[in-house]
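S.K.: In my numbering, each residue carries its 1-based index in the sequence shown increased by 435. C-beta atoms are modelled at their ideal positions from N, C-alpha and C, and glycine is treated no differently.
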Amino acid sequence: MNKFSIYQYLLILVILVVGSIYALPNLYPTQPSIQVAYTDSGRSADQSLLNELEDILQDSKTEYEDIFLRENKIVIKFEDVDTQLSSKTILQNTLLDKVIIALFLEPSTPQWLKDLGANPVKLGLDLSGGVHFLLEVDIDTAQQGRLELLLDTYRKSFKEERIKFDDSSIKDLKLFFQMADNQSYNKALKRFRDDSPLINGVQYIITEKPASNILMLEYTDIALREIRDYAVGQNLTTLRNRVNELGVSEPIVQRQGSNRIVVQLPGVQDPTAAKKIIGKTANLEFRLEANSRTSPLRKEEFVFKENEFRTAFLEKAVVVSGDRVTNASTGFDESGFAQVNITLDMEGGRAMQKATSGNIGRGLGVLFVEQKSKSELVTNLAGESIIEQSTFIEKKIISLATIQAVLGTSFRITGVGSPAEASELALLLRAGALAAPMKFVEERTVGPSLGKENIELGMKSIVIGFSLVVLFMVLYYRVFGIAANISLIINLVLITGIMSLLGASLTLPGMAGIVLTVGMAVDANVLIFSRIREELKEKDPQRAINDGFSRAFVTIFDANVTTLITALILYIIGTGPVKGFAITLSIGIVTSMFTAIMCTRAMVNIVSVSYTHLRAHET
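(1) Beta-carbon within less than 7 angstroms of Glu571's beta-carbon, same chain only, minus the 5 sequence neighbours each way: which residues are those?
(2) Can you give me the C-alpha to C-alpha distance between Arg590 and Ser730, rounded to a whole angstrom?
(3) Whole angstroms are fine: how far does the CA of Val914 sit from the CA of Ile921?
(4) If distances are taken between C-alpha atoms only, which option among Glu736, Leu971, Asp561 comes closest to Glu888?
(5) Can you name the start and end residues of the alpha helix (DSSP H) that Ser935 belongs to?
(6) Report the three-state DSSP secondary structure of Pro701 (helix, strand or coil).
(7) Per DSSP, which residues does Glu908 bridge with? Please list them.
(8) Rounded to whole angstroms, what is the Cα-Cα separation between Arg745 and Phe739?
(9) Straight-line CA distance for Glu724 to Leu585?
(10) Would the stretch 530–550 and the stretch 831–850 be scored as touching if the rule is three or more Cβ pairs under 8 angstroms?
(11) Alpha carbon to alpha carbon, how far is Ile832 from Val775? Give it in angstroms, no decimals.
(12) Exposed or buried, what is Ala472 when buried is set at 16 or more other beta-carbons lying within 10 Å of its beta-carbon?
(13) So, are the CB atoms of Glu743 and Val804 less than 8 angstroms apart?
(14) My output table needs one value for Ile1041: the three-state DSSP class, helix, strand or coil.
(15) On the three-state DSSP scale, how would you describe Pro976?
(16) Applying the criterion that 16 or more other CB atoms from any shown protein chain within 10 Å of the CB defines a buried residue, is Leu459 buried or exposed?
(17) What do you reckon, is the C-beta of Arg986 under 7 angstroms from a heavy atom of the ligand PLP?
(18) Using DSSP bridges, identify the partner residues of Phe539.
(19) Exposed or buried, Pro545, counting other C-beta atoms within 10 Å across all chains shown (16 or more means buried)?
(20) Using three-state DSSP, classify Arg728 as helix, strand or coil.
(21) Quick one: give me the first and last residue of the beta strand (DSSP E) that Asp501 is part of.
(22) Out of Pro1012, Ala1017, Leu671, Ile991, which one is the CA nearest neighbour of Ile1000?
(23) Give the secondary structure of Gly818 by DSSP, where H, G and I count as helix, E and B as strand, and everything else as coil.
(24) Any idea what DSSP makes of Ala866, helix, strand or coil?
(25) If we call anything under 8 angstroms between Cβ atoms a contact, is Ile456 one with Gln519?
(26) Which one of Glu973, Arg968, Ile1007, Ile917 has the shortest CA to CA distance from Ala1031?
(27) Grab the span of the alpha helix (DSSP H) containing Gly945 for me, first residue to last.
(28) Leu799: buried (16+ other C-beta within 10 angstroms of its C-beta) or exposed?
(29) Report the CB separation of Ile511 from Arg581 in whole angstroms; it is logged as a contact under 8 angstroms.
(30) Using a 10 Å radius around the Cβ and a threshold of 16 neighbouring Cβ atoms, would you call Tyr639 buried or exposed?
(31) Output the boundary residues of the beta strand (DSSP E) element that contains Thr849.
(32) Go ahead and label Glu643 buried or exposed: buried means 16 or more other beta carbons lie within 10 angstroms of its beta carbon, across all protein chains shown.
(33) Any idea if Arg879 is buried or exposed, counting beta-carbon neighbours within 10 angstroms, 16 or more meaning buried?
(34) Given that a residue counts as buried once 16 or more other Cβ atoms are within 10 Å of its Cβ, and exposed if not, what is Glu541?
(35) Do Ser764 and Val801 have their C-beta atoms closer together than 8 angstroms?
(36) In three-state terms, what does DSSP make of Thr405?
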């Protein structure tokens, strides 16, 4: 009666083995380390940079355990956090803007576990330390930009269709048109009405003043919501691509509310370096090369990106900017050199076609526009050496080619440097332009010492809670209590293993979820054992155990499913700490049901059957 099939025991064994393997890396400690990479992502870290770092550390008499090259970055390991932080300062003061330095914790997982895909649980910002930013997207500016584009489009369209207007402007986030006569007024009104319908509503609120031939357009709430969602979504994509340059483990970039974005970078303790990457802007400008007939007031001189000793004059007028790029991908030309394939939107294609159709044989320059930070080591009034930072716009020519034919919406850019540089340029063009400006609403730094304290406090709470539960179960339920305690240990191992396997991040609220899970797992066992005690009053032990597990299953399932639904809702609608709590709680509910129903039952079955055989043998 109280026997599992061999397949059930094998299933339990397989789950326990797999869970243990993926939980095992968490027993190996992490080591304070730093990653060093060139600021110019087109350059890969090499042996010369490694040698330079070694010389700097040796000159400053800084001790380190190991230094090696890995994935275009150099990793340096240290014995403690203090040495890690001091080394970072020394390297930063020496190399300034030449490199990007990121602090992180290097896992010491054995290679055989890495080969199996087993890695330690990733720690959240509150446990590993790092920086936290809260950015707010300027929706009004996004709306203003959309209106300016719309105004320019209608101006050109009205001129082509010979719809006369005396004045046009933007006032108080409204598009204003003063039409020349009643006929033009009616044509413009019809055009606005034709353009207004959307799939889910109308785009414009049209204010009509026929007496004075005035038309005003204002975005509806539906259109404003679309503008806001686009701006925030585009900025999210941009920020996610940018923070990847930091080499941070498990960065968090997510939306908060209607127009705010949360950026969390675990392991990074320098908010200045992080802001430098987050605030980085890059764009392209396509300009015609100046010729002998170009006025000195209408041309500028720029240096080439790959050769600063080479310069060229370009016209000040911008033909097309990178904002018109809808897609960008990398490739190779006939000679095997890297190139970027560009696709423009309709408006950009028209502008490019118009500019190139009458300028066959002239040069077309591609300017790489980048906002940079400049770091300088200066001495303050107190005589201390500090790094002073400032921002500036840098424009360099990446390509200057002769126009051989009329260009449209699709063309290619050559002379972009290495494949890595081409890939970076394509990436920045696809998602490098912010749809709307952002401002830093909140920024804070969480030190590694605080993270260590949080881990210790969290582990202490888990140990205390677990110990009290174990003691109570043994004293009250005796042998059954021992089985329940073993299931609790298995439950913790499985939670850790699943989180490692899924790559989920453990946060301080997540630890609270584990503590709650321990209590819920015990609760399931208490229900089972209480039911068995009731059944023992009327039935023999074997039947009482079987009926106790069977009848308690419905109650356990109902209670855990309702809690699981709540946890999933918290995960879907929650952010940051709430998500961390929901993840561990959801995993814990599933594992606690498995351990209470399957593992505890298996152990009770083995004990009860062994006890029955022993009694029969004695008899």
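M.R.: Answer, in terms of the structure:
(1) Annotation for Glu571: Asn694, Arg695, Met873, Lys874, Val876 place their beta carbon closer than 7 angstroms to its own, counting only its chain and skipping 5 residues before and after.
(2) Rounded to whole angstroms, Arg590 to Ser730 spans 28 angstroms at the Cα level.
(3) Straight-line Cα distance between these residues: approximately 11 angstroms.
(4) It is Asp561 whose Cα lies nearest to the Cα of Glu888.
(5) Segment 914–937, the alpha helix (DSSP H) holding Ser935.
(6) Of the three classes helix, strand and coil, the one that applies to Pro701 here is strand, per DSSP.
(7) Note on residue identity: the sequence assigns Met, not Glu, to residue 908. Bridge partners of Met908: none, in fact.
(8) One C-alpha to the other measures close to 6 angstroms.
(9) C-alpha separation (whole angstroms): 29 angstroms.
(10) Contact between the stretch 530–550 and the stretch 831–850 is absent, because fewer than three Cβ pairs lie under 8 angstroms.
(11) Whole-angstrom Cα-Cα distance: 15 angstroms.
(12) The residue in question, Ala472, is buried, as its Cβ has 16 or more Cβ neighbours within 10 Å.
(13) The answer is no: Cβ separation not under 8 angstroms.
(14) Ile1041 falls in the helix class under three-state DSSP.
(15) Helix.
(16) Burial is judged here by how many other beta carbons sit within 10 angstroms of a residue's own beta carbon; Leu459 has at least 16 and is buried.
(17) The model on display carries no ligand, and the ligand PLP is accordingly not part of it.
(18) According to DSSP, Phe539 bridges with Ser468.
(19) Its Cβ having fewer than 16 others within 10 Å, Pro545 is exposed.
(20) Coil at Arg728, not helix or strand.
(21) For Asp501, the enclosing beta strand (DSSP E) stretches over residues 501–505.
(22) Considering only alpha carbons, the answer is Ala1017.
(23) DSSP places Gly818 outside both helix and strand once states are collapsed to three, so it counts as coil.
(24) Only weak support is given to the placement of Ala866: the predicted model assigns it a pLDDT of 48, under 50, and the value that follows is read from those uncertain coordinates. Note: Ala866 maps to helix in three-state DSSP.
(25) Going by C-beta atoms, Ile456 is not nearer than 8 angstroms to Gln519.
(26) Of the listed residues, the one whose Cα sits closest to Ala1031 is Ile917.
(27) 943–971 is the span of the alpha helix (DSSP H), which, as asked, contains Gly945.
(28) Buried, by the Cβ-count rule.
(29) Between Ile511 and Arg581, the beta carbon gap of about 47 angstroms keeps them out of contact (Cβ cut-off 8 angstroms).
(30) Of the residues assessed, Tyr639 falls on the buried side of the cut-off, its CB having 16 or more other CB atoms within 10 angstroms.
(31) Looking at the DSSP string, the run of the beta strand (DSSP E) that includes Thr849 is 845–849.
(32) Exposed, because fewer than 16 other Cβ atoms sit within 10 Å of the Cβ of Glu643.
(33) Taking all protein chains in view, the Cβ of Arg879 is surrounded by fewer than 16 other Cβ atoms within 10 Å, so the residue is classified as exposed.
(34) Burial call: buried.
(35) Not closer than 8 angstroms, so no.
(36) There is no way to answer for residue 405, as the model of the chain reaches only from 436 to 1054.
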